[in-house]
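Chains as they are written, first to last, in my numbering: chain A, 27 to 262; chain B, 27 to 262. C-beta atoms are modelled at their ideal positions from N, C-alpha and C, and glycine is treated no differently. Small disclaimer: the values here were computed from a predicted structure and weren't measured. Encoded as structure tokens, the structure appears first; notes follow it.
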DNA sequence: GTCATGCTTCGATGCTCAACGAAGGATCGT
DNA sequence: ACGATCCTTCGTTGAGCATCGAAGCATGAC
């Protein structure tokens with residue numbers, strides 16, 4: 027095929043984006059960036075199991091396709107996902123992808139940890155993420171408004187007491203708050219600037235701690251108690 | 027790379043699914059199936075601009091990857107998307123894909139039509155879809171409940187008067203109703219069994235008519251008046 | 001039965017692209 | 001200035017796969 031058939035010519039060209047994700051190495055890199063961190067090229071090469079030369083060419087293609095962004099710092103070059111829409115695409119595809127069969131006990135434990143709590147881009151996901159969103163909606167801290175959520179005055183007060191400055195979060199140019207479909211729970215967790223701020227505060231407080239695989243999160247005992255106390259969020 | 031690096035081994039294997047979408051021809055076929063219809067192999071070959079032999083091999087791969095399903099009828103073989111999750115993936119990727127530049131006036135008119143009203147899998151999308159969901163929420167016919175919507179008693183009554191049997195829709199095994207992010211409007215429209223039933227009824231009533239490209243929908247004058255009258259849904 | 005239609009399988013061709021080693025910047029430490 | 005580190009560019013190799021025509025296999029029409 028040299029040209030697109032005319033019947034689809036008025037649509038978005040999804041094949042090139044899918045092609046960027048369709049390579050195992052690039053998919054591994056994107057997945058490694060799914061927690062929203064910036065990683066250096068060498069680190070990504072090591073994680074994906076390829077030579078620096080190979081990694082560099084893949085990163086150049088991902089950059090060209092605007093799936094990632096780059097920031098040079100000294101002789102390091104840090105790459106991160108271009109935005110949460112990219113993370114959304116990856117998680118949406120994961121939703122219909124066959125899960126990789128678990129081979130070792132260690133892997134099985136890690137998978138269980140990820141299902142319990144993890145970061146999705148930069149906000150809380152997994153059972154804990156879903157439970158927290160449920161609790162916030164239940165308590166009226168969040169009010170659904172179409173695709174987004176709003177925070178009423180009393181909700182803003184409660185969040186202020188918790189240590190999240192809602193007016194400051196609102197000033198961010200990023201989407202304020204919205205639902206993000208969770209690929210393990212198949213139900214939404216909290217997205218956007220507010221989701222990120224809440225998650226950051228939870229980690230700051232020591233209610234959540236990063237696991238060895240940095241995407242994984244562990245809920246501490248104080249965290250469990252605090253979440254129940256402040257948000258009425260009960261975790262099994 | 028012969029094996030997946032251990033760091034991502036506990037996750038879903040997204041690369042193979044992305045690979046299925048990454049080919050222009052297969053992407054064209056999947057896009058053609060986005061309206062939820064079943065199309066014959068020959069039709070898909072023609073739409074994608076390839077020989078029957080080529081189309082057949084692509085369809086076999088899509089079938090193997092469970093992105094589509096097949097039903098044989100006589101000497102025809104009809105293919106359709108495996109489900110709305112697949113449609114969701116395609117639309118999500120479209121969200122971050124560069125739109126194809128418009129070349130002809132005809133294409134520009136068709137693109138405008140698609141933005142105004144179209145089917146997404148089997149439910150109404152585009153400006154009309156977003157406006158209808160807004161109106162339904164505004165009127166209280168739909169109540170947000172996490173990732174899904176519920177219909178209260180008076181909403182059920184209004185829909186019954188319109189010709190949609192909500193209890194029957196509820197009995198479907200499919201998800202009842204939910205938001206589906208619109209890739210042109212970047213705001214949600216109504217999804218699920220209820221979205222499909224509503225859309226079918228709108229077409230039945232002649233309020234919406236299929237365009238030449240079957241995914242496109244045209245709002246008739248009676249439709250415009252009816253939507254405003256019944257749902258308070260105003261279209262520009 | 002016989003022919004036409006719709007689709008798939010087979011085999012051959014050619015192109016794309018992932019991978020690596022080697023070499024070439026760029027930056028840091030000393 | 002000098003080597004060390006980090007990363008990229010270049011050139012080559014090899015594997016995968018999209019494509020088609022021809023042949024095979026069903027089904028439907030007559």
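Note to self: For a contact defined as C-beta to C-beta under 9 Å, what are the partners of residue 47 of chain B on chain A?
What the structure shows: Per Cβ cutoff of 9 Å: 40, 41, 43, 44, 45, 47, 48, 119.
(message) Please confirm whether residue 122 of chain B has its beta-carbon closer than 8 Å to some beta-carbon of chain A.
(response) Yes, residue 122 of chain B lies at the interface with chain A (some Cβ there is under 8 Å from its Cβ).
Inset, instruction - Just confirm the distance between the C-beta atoms of residue 156 of chain B and residue 208 of chain B, as a whole number of angstroms; I'd bet it's less than 8 Å. - result: Between residue 208 of chain B and residue 156 of chain B the Cβ distance is about 6 Å, and since that is below 8 Å, they are a contact.
request  = Report the three-state DSSP secondary structure of residue 34 of chain A (helix, strand or coil).
outcome  = Residue confidence for residue 34 of chain A is low, a pLDDT of 36 falling below 50, so the modelled location carries little weight; the figure read from the coordinates is stated next. DSSP, reduced to helix, strand and coil, places residue 34 of chain A within a helical segment of the structure shown.
(request) Output the distance between the C-alpha atoms of residue 139 of chain B and residue 246 of chain B, rounded to the nearest integer angstrom. (result) Going from the Cα of residue 139 of chain B to the Cα of residue 246 of chain B covers about 13 Å.
* Asked: By how many angstroms is the C-alpha of residue 241 of chain B removed from the C-alpha of residue 141 of chain B?
  -> Pairing residue 141 of chain B with residue 241 of chain B, the inter-Cα distance amounts to about 11 Å.
- Quickly, what does DSSP pair residue 84 of chain A with across the bridge? List them, please. BP columns for residue 84 of chain A are empty, so no partner.
Notebook entry, point to check: From residue 92 of chain A to residue 63 of chain A, what distance separates their C-alpha atoms?
Noted result: Rounded to whole angstroms, the separation of the alpha carbons of residue 63 of chain A and residue 92 of chain A is 16 Å.
Applying the criterion that 16 or more other CB atoms from any shown protein chain within 10 Å of the CB defines a buried residue, is residue 183 of chain B buried or exposed?
The residue in question, residue 183 of chain B, is exposed, as its Cβ has fewer than 16 Cβ neighbours within 10 Å.
| query | Taking the alpha-carbon positions, what's the residue 71 of chain B to residue 239 of chain A distance? | reply | Those two C-alpha atoms are separated by around 45 Å.
Q) What are the boundary residues of the alpha helix (DSSP H) that residue 268 of chain A is part of? A) Because chain A in this structure spans residues 27 to 262, residue 268 of chain A falls outside the shown range and cannot be described.
Check residue 170 of chain B in the structure and name its three-state DSSP category.
Here residue 170 of chain B sits in strand by DSSP.
Next item on the list: List the endpoints of the continuous alpha helix (DSSP H) containing residue 18 of chain A.
Entry: Only positions 27 to 262 of chain A appear in the structure, and residue 18 of chain A is not among them; the question remains open.
Check: Assuming residue 115 of chain B contacts residue 43 of chain A under a Cβ cut-off of 8 Å, what Cβ separation, rounded to an integer in Å, is found between them?
Finding: Their Cβ separation, rounded to whole angstroms, is 11 Å, which puts residue 115 of chain B and residue 43 of chain A out of contact at 8 Å.
Item checked: DSSP three-state assignment for residue 229 of chain B, whether helix, strand or coil -> If DSSP states are grouped into helix, strand and coil, residue 229 of chain B belongs with the helices.
Notebook entry, point to check: Can the beta-carbon of residue 302 of chain A be found less than 8 Å from the beta-carbon of residue 111 of chain B?
Noted result: Here chain A comprises residues numbered 27 to 262, so residue 302 of chain A is not present and cannot be evaluated.
Inset, instruction - Determine the closest residue to residue 50 of chain A out of B:51, B:55, B:39, B:47, with distance taken between C-alpha atoms. - result: Per the Cα distances, B:39.
Quiz prompt | Local conformation of residue 116 of chain A per DSSP, three classes | solution = Reduced to three states, the DSSP call for residue 116 of chain A is helix.
Could you tell me which chain B residues have their CB closer than 8 Å to the CB of residue 116 of chain A, listed as they occur along the chain? Proximity of chain B to residue 116 of chain A at the Cβ level (cut-off 8 Å) is accounted for by 40, in chain order.
Could you tell me which of B:113, B:101, B:252, B:185 sits nearest to residue 57 of chain B, measuring between CA atoms? Closest by alpha carbon: B:113.
(message) On the DSSP letters alone, give me the boundaries of the alpha helix (DSSP H) that residue 70 of chain A sits inside.
(response) Here the alpha helix (DSSP H) through residue 70 of chain A covers 67-74.
| C-alpha gap between residue 165 of chain A and residue 198 of chain B, whole angstroms | Their Cα atoms are separated by approximately 31 Å.
**Request:** Tell me where the beta strand (DSSP E) around residue 95 of chain A begins and ends.
**Result:** Residues 94-99.
Please check if any C-beta of chain B sits within less than 8 Å of the C-beta of residue 243 of chain A.
Residue contact with chain B for residue 243 of chain A: absent (no Cβ-Cβ distance below 8 Å to any residue of chain B).
- Item | Rounded separation between residue 86 of chain A and residue 188 of chain A - CA only | Spanning the two alpha carbons is a distance of roughly 42 Å.
Please list the residues of the region 60-87 of chain A that have a C-beta atom closer than 8 Å to any C-beta atom in chain B, keeping them in chain order.
Hits within the stretch, in order: 73, 74, 75, 76.
Q. With which residues is residue 206 of chain A paired in a DSSP beta bridge?
A. Answer by DSSP bridge pairing, in chain order: A:215.
Proximal residues of chain A, C-beta to C-beta of residue 112 of chain B below 8 Å:
Listed along the chain, the chain A residues whose CB falls inside 8 Å of the CB of residue 112 of chain B are 122.
**Study point:** Contact with chain A by residue 53 of chain B, beta-carbon distance below 8 Å
**Key:** For residue 53 of chain B, the nearest beta carbon of chain A is closer than 8 Å to its own beta carbon.
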